[in-house]
Amino acid sequence: MTENNYIYAPSEHPADKFRCKVPMKGTRQLFVIDGGVQGTAAPLSIKFDEGNCSDEILQVIGVRTSSGPKELSSESSFSFGQNSQGRLILCSHTFAEDPFITKEKIKISLAPNSSVDIVLMQNEHNDAEHISEFEIDIQRDASLRMVFLTLHGGKISNNIKVNLNGENASCDLNGLYIVDGKQQVRNLVSMNHKDPHCYSSQLFKGILDDASVASFSGLIHVWPDAQKTQAYQENHNLLLTKEAKVYSEPQLEIYADDVKCSHGATNGRLDENELFYLRSRGIPKKEAQLLQQQAFAYAVLDKISSEELKERMVSLTEQRLRGEFSKCKNCCKNCC
Amino acid sequence: MLNIKDLHASIGEKEILKGINLQVKPGEIHAIMGPNGSGKSTLSSVLAGRDTYTVTSGEIEFEGKNILELSPEERSIAGIFLGFQYPIEIPGVTNVNFMRTAVNEHRKAKGLEPLNAAAFLKIMREKMEVVEMNPSFSSRGVNVGFSGGEKKRNEIFQMAMLEPKLAILDETDSGLDVDALRIVATGVNKLKRPDNATIVITHYQRLLDYIVPDIVHILYNGQIIKTAGKELALEVEKRGYDWLING
Ligand SMILES: Nc1ncnc2c1ncn2[C@@H]1O[C@H](COP(=O)(O)OP(=O)(O)O)[C@@H](O)[C@H]1O
Ligand SMILES: [Mg+2]
Chain E
48 MTENNYIYAP SEHPADKFRC KVPMKGTRQL FVIDGGVQGT AAPLSIKFDE GNCSDEILQV
108 IGVRTSSGPK ELSSESSFSF GQNSQGRLIL CSHTFAEDPF ITKEKIKISL APNSSVDIVL
168 MQNEHNDAEH ISEFEIDIQR DASLRMVFLT LHGGKISNNI KVNLNGENAS CDLNGLYIVD
228 GKQQVRNLVS MNHKDPHCYS SQLFKGILDD ASVASFSGLI HVWPDAQKTQ AYQENHNLLL
288 TKEAKVYSEP QLEIYADDVK CSHGATNGRL DENELFYLRS RGIPKKEAQL LQQQAFAYAV
348 LDKISSEELK ERMVSLTEQR LRGEFSKCKN CCKNCC
Chain Y
798 MLNIKDLHAS IGEKEILKGI NLQVKPGEIH AIMGPNGSGK STLSSVLAGR DTYTVTSGEI
858 EFEGKNILEL SPEERSIAGI FLGFQYPIEI PGVTNVNFMR TAVNEHRKAK GLEPLNAAAF
918 LKIMREKMEV VEMNPSFSSR GVNVGFSGGE KKRNEIFQMA MLEPKLAILD ETDSGLDVDA
978 LRIVATGVNK LKRPDNATIV ITHYQRLLDY IVPDIVHILY NGQIIKTAGK ELALEVEKRG
1038 YDWLING
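Sequences listed follow chains E and Y, in order.
Under our numbering, the first residue of the first sequence carries the number 48, and numbering increases by one thereafter.
Under our numbering, the first residue of the second sequence carries the number 798, and numbering increases by one thereafter.
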């Protein structure tokens, strides 16, 4: 990361005295405030040089403040050079209770043989609407793993378009969304297999409480030349109330004949037999239900490759499920 | 310790338990035998507080208190343990997390501090030895991918962790080979104390060679139709149930 078109902000946001303690040793932080890199107000553009394999994790903390406009559009880009390895944590927060609308375009491109790991944490307040469009381009022998954690927010929409452009490109997309009250979350995935021997997998899981709404729409598009494609997709939802609604829509468009593709979707409730078993050992109903929800979420959290970050996210998820949220214990500032 | 008086229970409109009377004293081992569909599992579920069954009349007293209004977790804390005929698989919840949560709930009820990780693991290892369970099982999902025998051993391990006053073991022997049967029975015997009691539900005499009952009951069509000493189990083994049902 030697490009100088961005700066590292101090790890404390001076205006709001916000200090994110989510990341671990070896993480550098960069604030993007109301769409611009702190200190420059310029759009974010990060480039990992060819062959760059540092262990460092870059955390980009995007925040909305009351000094920004109510409605905001911004763009950012991340590009990973040939043979590079990169790790990112992308967080989005709101620092005020204003009814924000944020529209974001995020370009991610992986040059041949690069390997990238991205964890996204979306934690905003109930009046915030956030629409993110991801344009992801993965070239030959490059691999991307992404974990979307949508922990809180009024109306969150992730539109994720992935192009697998080159043999042996691979993309592992995972998402966990937890919604309650009147929150809405939408994940729209379009996975385009353009070349042979590429791999993709999508695992999206949601826990819906109260009158929340979630939708998942996942397209797997296999182009005629993309033989030996492997493409998998799963969407599972846990509905805690009768009022919660989920829309799950898988779409397969396959124009090659030698491929392995599968998709599956389930919408279920907490299993009564499991619940009785847990309670019969002395675990109170609420705790038992929490264990069941954590167990449901774990498959996604387990995709976070940094053990330390995984632990943090497991504990944030637990707090969220306990309803203690809207405030993450690791921050001195209310996140949403 | 346990006093069941004229217990009737049904599921939906269907009455399954039709007037059960049973008394268990500390230190005793009772066996309940009976053909399939008699209501043995229903009785054990009702004792553990499963709310899919409705108790329509009768009483269950445990240590002098009516427990019918208690939730399953409260009954567990009170000292009742049910070894499931079909233990439930819970993917994503590890055995260790499951038992730590359960043990700490029991401790909380007794006014004790939660066990720290090291102390807990030590106890867990000791108790796993009681049923010759490999320590690697602790980090696996509860019963996930366990063989029939491993699931039953896991039940007895949980019983060892929770040290109940009354254990109800529902067909803990079914599906076990001779080795597993010996391990499970040895586990149960090791956990036996003069102040706790066990109800063993089975329809084979086989298990009762290892766990010797003081009293044997025959349950048929929702009622206990005969109660006698351990020789009754042998007689059932030889003659089946027909002479009891028709006689
Ligand atoms: N959930 C249920 N729904 C309907 N009938 C049930 C249910 N559980 C048990 N029964 C019925 O109750 C009777 C007793 O079953 P059970 O208690 O399992 O017997 P046992 O354990 O002695 O084999 C059987 O006729 C069985 O079909
Ligand atoms: Mg049964």
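Glycine is no exception: its CB is placed at the ideal position from the N, C-alpha and C atoms.
Keep in mind the model is a prediction, meaning the values are calculated, not measured.
Contact note: residue 111(E) does not reach chain Y at a C-beta cutoff of 7 Å; the least C-beta distance is about 34 Å. Taking CB atoms only, residue 994(Y) has no neighbour in chain E less than 8 Å away. As computed with DSSP, residue 193(E) is found in a beta bridge with 165(E), 220(E).
Counting only runs of at least 3 residues, the region 220 to 257 of chain E fully encloses the following beta strand (DSSP E) elements, listed from N- to C-terminal order: 231 to 240, 246 to 255. Excluding its 5 nearest sequence neighbours in each direction, residue 948(Y) has C-beta neighbours in its own chain below 7 Å: 884, 940, listed in chain order. Measuring C-alpha to C-alpha distances from residue 173(E) to each of 288(E), 182(E), 309(E), 230(E) identifies 230(E) as the nearest. Bounds of any alpha helix (DSSP H) do not take in residue 330(E), whose DSSP letter is neither H nor E. A direct Cα-to-Cα measurement between residue 338(E) and residue 238(E) gives close to 33 Å. Closer than 8 Å to the CB of residue 334(E) there is at least one CB belonging to chain Y. Taking 9 Å as the Cβ-Cβ cut-off, the region 848 to 880 of chain Y approaches chain E at 848, 849, 868, 869, 870, 871, 872, 873, 874, 877, 878, 879, given in chain order. A straight line joining the alpha-carbon of residue 953(Y) with that of residue 161(E) spans about 51 Å. Non-local C-beta neighbours of residue 166(E) in its own chain, meaning closer than 6 Å and more than five positions away in sequence, comprise 136, 194, 351, ordered along the chain.
DSSP assignment within the region 289 to 350 of chain E yields the following whole alpha helix (DSSP H) runs of 4 residues or more, N-terminal first: 319 to 326, 332 to 348.
Excluding five sequence positions before and after residue 138(E), the CB atoms of its chain that fall closer than 6 Å to its own CB belong to 108, 168, given in chain order.
The region 957 to 967 of chain Y and the region 993 to 1006 of chain Y touch, with three or more beta-carbon pairs separated by less than 8 Å. Counting C-beta atoms within 10 angstroms of its own C-beta, residue 961(Y) has 16 or more neighbours from the protein chains shown and is therefore classed as buried. In this structure residue 121(E) is not in contact with residue 86(E), their Cβ atoms being roughly 16 Å apart against a cut-off of 8 Å. Counting along the chain, residue 366(E) sits inside the alpha helix (DSSP H) bounded by residues 354 to 368. Using a Cβ-Cβ cut-off of 9 Å, residue 898(Y) is close to 325, 328, 329, 330, 334, 335, 338 of chain E, given in chain order.
Closest in alpha carbon position to residue 896(Y), among 840(Y), 938(Y), 1037(Y), is 938(Y). If the five residues before and after residue 309(E) are omitted, its C-beta is found closer than 6 Å to the C-beta atoms of 279, all from its own chain and listed in chain order. Beyond the five residues adjoining it in sequence on each side, residue 305(E) comes within less than 7 Å, by CB distance, of 274, 275 in the same chain, given in chain order.
For residue 882(Y), the shortest separation between its Cβ and any heavy atom of ligand 2 lies below 7 Å.
With contacts defined by Cβ atoms closer than 8 Å, residue 329(E) and residue 915(Y) do not form a contacting pair. Interface annotation, residue 889(Y): in contact with chain E, CB-CB separation under 8 Å. Placement of the Cβ of residue 837(Y) at a distance of less than 7 Å from at least one heavy atom of ligand 2 is found.
A direct Cα-Cα distance of roughly 46 Å separates residue 803(Y) from residue 227(E).
In this chain, the alpha helix (DSSP H) harbouring residue 892(Y) covers 892 to 906. The beta-carbon of residue 89(E) is placed no less than 8 Å from the nearest beta-carbon of chain Y.
For residue 154(E), the CB contacts under 6 Å within the same chain, skipping 5 residues up- and downstream, are 124, 182 in chain order. Under DSSP, residue 94(E) forms a beta bridge with 126(E).
Under the three-state reduction of DSSP output, residue 928(Y) falls in the coil class, being neither helix nor strand.
For residue 953(Y), not one C-beta of chain E is nearer than 8 Å to its own C-beta. The way I'd put it, the region 919 to 931 of chain Y doesn't touch the region 353 to 367 of chain E; fewer than three beta-carbon pairs between them come closer than 8 Å.
When Cβ-Cβ separations below 8 Å define contact, residue 320(E) makes contact with chain Y.
When secondary structure is reduced to three states using DSSP, residue 843(Y) falls in the helix class.
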